[in-house]
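Number of protein chains: 2
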Amino acid sequence: MDIKEALAAFDTLSQETRLRVFRLLVEYGQAGAPAGTLSESLHIPHNTLSFHLSHMSHAGLVVSRREGRSIIYRANFEFFSGLIRYMVEDCCRAEFASIRNDHKRKCSIIELSHCCQPKENIS
Amino acid sequence: MDIKEALAAFDTLSQETRLRVFRLLVEYGQAGAPAGTLSESLHIPHNTLSFHLSHMSHAGLVVSRREGRSIIYRANFEFFSGLIRYMVEDCCRAEFASIRNDHKRKCSIIELSHCCQPKENIS
DNA sequence: TCCATATGTCCAGAATACTGGAAATGTTAC
DNA sequence: GTAACATTTCCAGTATTCTGGACATATGGA
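Top line first, the protein sequences correspond to chains A and B.
Counting from 1, position 30 in the first sequence corresponds to residue 30 in the working numbering; the numbering is continuous, with no gaps.
Counting from 1, position 38 in the second sequence corresponds to residue 38 in the working numbering; the numbering is continuous, with no gaps.
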């Protein structure tokens, strides 16, 4: 992920309709959902939605495939986690966020400090 | 962090000048840097910079304090890590990103899967 | 007080983004 | 082939954002 990709990704996520679409797609997971379903669920005219899906797709946050008459969109989690990695590696400081790779478990571990007030909710 | 705050944060980060300012401020760490230094370093006219700093400040990504004639800006790491938490908790799926709090070390641990591989292999 | 410095605010022109009606494309069923 | 369906593309009107010149405000020093 370079700065251009990150800018495009943030641009995609900075628009309410697109963020809502993305969060809805997250719920559909790897299976994804057809454009029409998203359009109905979020009450967005199909052409307006198409414009935003195109934007999201171009930025890399969603991917699509045709399935019969429908076009199925799904969130690109790999890209999204790449964005999170970029934020930690290129936009933060080691005191506040660090990242390391756990090769055995094939994942990245990010440690975010509770810089000022500890968060109370999750155990 | 709610969706409105996240949208404003993404909006701030989606503009090249602002992202460059933010990344520069990250280098200055907790000490921060005066507006003039940022203006010179990045070759941005002071009024244009002021517009963007105001935008960033309003979104919560930077904070400022006056020091003599200068106004010192610094990156708000707490807010930024809050944004990362929001992305993991509200915009991702447990298979790809999970978060837990380590109370003893006062930090959040995020685990990002390397999802290029099939997703089933996470235990 | 008066001046230099540092930064912010006002403003208007230019560029860019968003929206949705209408038409076009692609797909399946009959 | 024709019709119904799913989605995209085209387009133009509207809204929003970005930019930097000109001016305003705030601070510290002589």
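Yeah, the Cβ is synthetic: ideal placement off N, Cα and C, and Gly gets one too.
With contact defined as three or more Cβ pairs closer than 8 Å, the stretch 52 to 64 of chain B and the stretch 14 to 22 of chain B are in contact. In this structure, Cys92 (chain B) keeps its C-beta atom at 8 Å or more from the C-beta atom of Val21 (chain A).
When Cβ-Cβ separations below 8 Å define contact, Ser81 (chain A) makes contact with chain B. One Cα belongs to Lys106 (chain A), the other to Leu112 (chain B), and the distance between them is close to 9 Å. Neighbours of Val26 (chain A) in chain B, taken as residues at a C-beta separation under 9 Å, are given in chain order as Asp90, Cys91, Cys92, Arg93.
For Gln30 (chain A), same chain residues with a beta-carbon under 7 Å away, outside a window of 5 residues either side, are Arg74 in chain order.
Between Phe80 (chain B) and Leu61 (chain B), the CB-CB gap stays under 8 Å.
Taking all protein chains shown into account, Ala59 (chain B) has 16 or more neighbouring C-beta atoms within 10 Å of its C-beta and is therefore buried. Taken in chain order, the whole beta strand (DSSP E) runs of length 3 or more contained in the stretch 55 to 82 of chain B are 62 to 67, 70 to 75. Minimum Cα-Cα distance from Glu78 (chain B) among the listed residues A:Phe96, A:Tyr86, A:Leu42, A:Glu78 corresponds to A:Phe96. DSSP lists A:Ser98, B:Ile109 as the beta-bridge partner residues of Glu111 (chain A).
Ranked by Cα distance from Ala94 (chain A), the first of B:Arg100, B:Asp2, B:Tyr28 is B:Tyr28. The shortest CA-to-CA distance from Pro34 (chain B) to any of B:Leu7, B:Ala8, B:Asp11, B:Val63 is the one to B:Val63. Against chain A, the CB of Asp11 (chain B) has a partner CB under 8 Å away; the residue lies at that interface. Per DSSP, Ser39 (chain B) is one residue of the alpha helix (DSSP H) stretching across 35 to 42. Judged by beta-carbon spacing, Met87 (chain B) lies beyond the 8 Å limit of Ile99 (chain A), meaning their Cβ atoms are not closer than that value.
Interface residue (Cβ-Cβ distance to chain A less than 8 Å): Met87 (chain B) is classified as such. Distance from the CA atom of Arg66 (chain B) to the CA atom of Ala6 (chain B), rounded to whole angstroms, is 27 Å. The C-beta separation of Asp102 (chain A) from Ile110 (chain A) comes to about 11 Å, leaving the pair out of contact by the 8 Å criterion.
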